[in-house]
Structures are given as structure tokens and as C-alpha cells.
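Undergrad: First to last, the sequence lines map onto chains P and L.
Take the first sequence: its position 51, counting from 1, is numbered 352 in the numbering used here, and each next residue is one higher.
Take the second sequence: its position 99, counting from 1, is numbered 97 in the numbering used here, and each next residue is one higher.
Sending over a structure as C-alpha cells; questions will come in a sec.
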Amino acid sequence: NAGVTQTPKFRILKIGQSMTLQCTQDMNHNYMYWYRQDPGMGLKLIYYSVGAGITDKGEVPNGYNVSRSTTEDFPLRLELAAPSQTSVYFCASSYVNNQPQHFGDGTRLSIL
Amino acid sequence: AQTVTQSQPEMSVQEAETVTLSCTYDTSESDYYLFWYKQPPSRQMILVIRQEAYKQQNATENRFSVNFQKAAKSFSLKISDSQLGDAAMYFCAYRSAITSGSRLTFGEGTQLTVNP
């Protein structure tokens, strides 16, 4: 049972480059989330989705975009990467509100 | 907006002893969920325990238990018979039961060291 799968695990970008972080889940969960974790801090929500075709902003959405064309996939796109986006990115999913969120293993992203 | 505060950036405990990690939160909602997540150096986010606000009984999972004080908005985690594998960053998190698709709001974490 794969759960939540994130790719890549590590990536180094140059300032101004763009990239897409992939997230897929095989649990048929309705809700999916993207968080970022800066060093020594808790996770902060970037974007979330309550179902295919529906997305909404979280606490820190600037510089990111998302789409949700299928239940399984929730990619996060960084446009014009900036050093402030150096972080560890976590994707998570849950079935409904009263169920815990399942997390992927994270993507460590460095912008140089 | 809800906030979660963990006032202990670091804690340490001797192996086989008991340690309590503190968490307080602020909310105007009456129905919500509280969680403790463990993040070892592998950086995986592992659910330790969950508490539903409408349940008065404190949640327990093996060596892990919580002290949930709803009126005081306090949610501490007790780890009994601490093991070396318990060493990790621990995050307290809040989730609304009212808002659809609601996110987790995390505290800033407590780094737990277990000494042999």
C-alpha cells in the first residue's frame, strides 16, 4: 500500500527556475494538502483541495500554484523560484474531516 | 484563526522514564480535533495520537497518553517508559471539525532527546 507518494525527494533549483512537485495518493482520499516546513518550524499550509477541480489557498500561497484534475494527483508548481522557497514540502491527504491526514515523505528543495 | 503553542523547544528524558510535552491552543470553535505527530530525523510525519474535543476521555495509545483540558485549552502528551526510538521532534496540531477540508494548524515543535 503506497499511501501518499511525493517526487522528487530532493531538488536543487537556481533562482528564477520553475518546477513541479508531484504528489499522488492511492487511498481515494477527497482532501489533499500541501505544506511547507522551514528549518526548526512547524508545517504551514500552502494550498489544499477538497476534491477534483476544487482548490483553495492556505496560509502561504504566494509563489505557488496547484491543480487537481484527478482524485489521485495534486501537483504543486513553483514559478520563478526564490531563495525564500527553500524548504521541505509535504503533501498530505485525508478521506474526510474526522480522519487523520496521511503524509508523504517530503521533498527537500533548495533554491540557490 | 486558530493558533497552537508549544512552549518547550527542547526536552530530554532518561530511557525508561516518563516525560510530558506541553501544548496549548486558541480557538473559538467547540468542535475540533487535536493531534500529536512525531517527526524523526527521517522527517516522516507519524501520527502518534488523536483526541476528539467532544470526548471527555483522554486518548491513549500504548505508552502514549494525553491530558486534554478543554476549558484550559491544553493538550499535553505523556510518554511513559521512554525508549531511544522516541527521540524525535513532536508537533501538536489542531484541526477544525466544522470547516470542510480544514487544514492542520501546527505548533512549532518540541525536540525530544532520550538519554540512555
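Note that CB positions come from ideal geometry on N, CA and C, so glycine has one too.
#1: State the DSSP-derived secondary structure class of L:Q37, mapped to helix, strand or coil.
#2: Counting contacts by CB-CB distance shorter than 7 Å, is L:F66 in contact with chain P?
#3: Quick one: what does DSSP say L:S102 is sitting in, helix, strand or coil?
#4: Let me know the beta strand (DSSP E) ranges lying completely inside the stretch 349 to 392 of chain P, each 3 residues or longer, listed in chain order.
#5: With distances taken Cα to Cα, identify the nearest neighbour of L:Q12 among L:Y92, L:I96, L:G83, L:C90.
#6: Would P:L354 pass as an interface residue toward chain L - the criterion being a Cβ-Cβ separation below 7 Å?
#7: What are the boundary residues of the beta strand (DSSP E) that L:R93 is part of?
#8: How would you call L:Y31, buried or exposed, if buried means at least 16 neighbouring beta carbons within 10 angstroms?
#9: Could you name the residues of chain P that L:P42 contacts, counting a contact when the two beta carbons are closer than 8 Å?
#10: At least one CB of chain L closer than 7 Å to the CB of P:P362: is that the case?
#11: Compute the distance between the beta-carbons of P:S388 and P:R312, then report whether it is under 7 Å.
#12: Using a Cβ-Cβ cut-off of less than 8 Å, list which residues of the stretch 47 to 65 of chain L approach chain P; keep chain order.
#13: What residue does the beta strand (DSSP E) around L:E8 start on, and which one ends it?
#14: Output yes or no for whether 7 Å exceeds the beta carbon distance between L:A70 and L:L110.
#15: Out of P:G407, P:A353, P:Q318, which has the shortest C-alpha to C-alpha gap to P:D374?
#16: Of all the options P:Q386, P:N366, P:P401, which has the alpha carbon lying nearest to the alpha carbon of L:Y35?
#17: Compute the Euclidean distance between the alpha carbons of P:P384 and P:I316, then round it to the nearest angstrom.
#18: Who are the neighbours of L:L32 on chain P, taking C-beta pairs under 9 Å?
#19: Would you say the stretch 358 to 374 of chain P touches the stretch 9 to 24 of chain L, given that touching needs at least three Cβ pairs under 8 Å?
#20: Using only alpha-carbon positions, find the residue among P:T372, P:F404, P:L344, P:V361 that is nearest to P:I355.
TA: So, to answer that:
#1: strand
#2: Nearest CB-CB separation between L:F66 and chain P: not below the 7 Å threshold.
#3: Here residue 102 of chain L turns out to be Leu, not Ser, going by the sequence shown. The three-state reading of DSSP puts L:L102 in strand, counting E and B together.
#4: 355 to 358, 365 to 367, 377 to 379
#5: L:G83
#6: The residue you asked about is not Leu; residue 354 of chain P is Gly in the sequence shown. So no, P:G354 is outside the interface.
#7: 86 to 94
#8: Only buried fits L:Y31, as 16 or more other CB atoms lie within 10 angstroms of its CB.
#9: Note that residue 42 of chain L corresponds to Gln in the displayed sequence, not to Pro. Going along chain P in sequence order, the residues near L:Q42 (Cβ under 8 Å) are F404, D406, G407.
#10: Contact of P:P362 with chain L is not assigned, every C-beta pair being separated by 7 Å or more.
#11: no
#12: R48, E50
#13: In the DSSP annotation of this structure, the continuous segment of the beta strand (DSSP E) that includes L:E8 starts and ends at 8 to 12.
#14: no
#15: P:A353
#16: Taking each of P:Q386, P:N366, P:P401 in turn and checking the Cα distance to L:Y35, the smallest one comes out for P:P401.
#17: Each residue's Cα considered, the two are about 7 Å apart.
#18: Here the premise fails: no neighbours, minimum Cβ distance about 11 Å.
#19: Segments in contact, no.
#20: P:T372
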